[in-house]
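Colleague: Position 116, counted from 1, in the sequence shown is what our numbering calls 577; the numbers after and before it change by one each time, with no gaps.
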Amino acid sequence: MFNTALIRTRLGQYGAAWLTGFVLTLIVVLGIAWLSETPLVKAADLVLPVAFAALTLGQLYVLVRTLLSGSESVATRLVVIALTLLLFLPLLWAPVVGAISAAWIGQASIEYSAVYAQFRIRVSQALFDLAGMMFANPLIDTVWALFEGLATVVGFIAAFFQIWPRLLRLLGAREVQA
462 MFNTALIRTR LGQYGAAWLT GFVLTLIVVL GIAWLSETPL VKAADLVLPV
512 AFAALTLGQL YVLVRTLLSG SESVATRLVV IALTLLLFLP LLWAPVVGAI
562 SAAWIGQASI EYSAVYAQFR IRVSQALFDL AGMMFANPLI DTVWALFEGL
612 ATVVGFIAAF FQIWPRLLRL LGAREVQA
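1. Name the two residues that bound the continuous alpha helix (DSSP H) containing SER562.
2. Buried or exposed: where does TYR522 fall if 16 or more other Cβ atoms within 10 Å of its Cβ makes it buried?
3. Looking at C-alpha atoms only, which residue of GLN579, THR527, THR499 and SER532 is the closest neighbour of LEU544?
4. Looking at C-beta atoms only, is the number of pairs between the stretch 484-492 and the stretch 533-544 that lie closer than 8 Å three or more?
5. With a cut-off of 8 Å on the beta carbons, I'd call LEU509 and ALA560 a contact; round off their distance for me.
6. Would a C-beta distance cut-off of 9 Å place PRO556 and LEU485 closer than the cut-off?
7. First and last residue of the alpha helix (DSSP H) that includes ALA466?
8. Out of VAL576, ALA536, PHE622 and TRP625, which one is the CA nearest neighbour of PHE463?
9. I need the straight-line Cα distance from GLU498 to LEU507, nearest angstrom please.
10. My assumption, with CB atoms under 8 Å, is that LEU666 sits in contact with ALA563. Please give the rounded CB distance.
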């Protein structure tokens, strides 16, 4: 069975990691920019790779720790793996939002950050490739066409059986009047 306490703990740790990634990135980017008089965009370019690496290593540590735990069921481990994969990209978004917030506070344009731009480009490419694998696959197109056909037939039959008794009553009422 599932160890829901562990899953809730891991989700809580994920939330704490997200918030920490956001707040620390915001503070460190602003601190570097203001204390060293470095342009805010350059400070973001210094901080973002470190934040990405730290969050990735933290996520891997928690994942490996859970997988090597002998006391957890296979179902619990699979849920933790699925959540780790599903929530990884949003976790990496936390420092980006921190850098965006720092740029807003410092009235700078984050779009000039090379790391920010590369992050957006790589995420867009990955999502585009993922969508292409999911929706441009001939097998999926075939399954979707079968689903559409089945849904059409089921919908027609359901509509027919809803309308048929009313149609019989309507025709029966006309015969009585004639």
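Ideal Cβ placement from N, Cα and C applies to all residues, glycine included.
Modeller: By the coordinates alone:
1. Per DSSP, SER562 is one residue of the alpha helix (DSSP H) stretching across 535-566.
2. The Cβ neighbour count for TYR522, taken over all protein chains shown within 10 Å, is under 16; the residue is labelled exposed.
3. Distance from the Cα of LEU544 is smallest, within the candidate group GLN579, THR527, THR499 and SER532, for THR527.
4. Cβ pair count under 8 Å is below three, so no.
5. Their Cβ separation, rounded to whole angstroms, is 6 Å, which keeps LEU509 and ALA560 in contact under 8 Å.
6. Result yes, Cβ atoms of PRO556 and LEU485 sit closer than 9 Å.
7. Counting along the chain, the alpha helix (DSSP H) containing ALA466 begins and ends at 465-496.
8. Across the set VAL576, ALA536, PHE622 and TRP625, the C-alpha of ALA536 shows the shortest separation from the C-alpha of PHE463.
9. One alpha carbon belongs to GLU498, the other to LEU507, and they sit about 14 Å apart.
10. In this structure the chain extends from 462 to 639, so residue 666 is not present and cannot be described.
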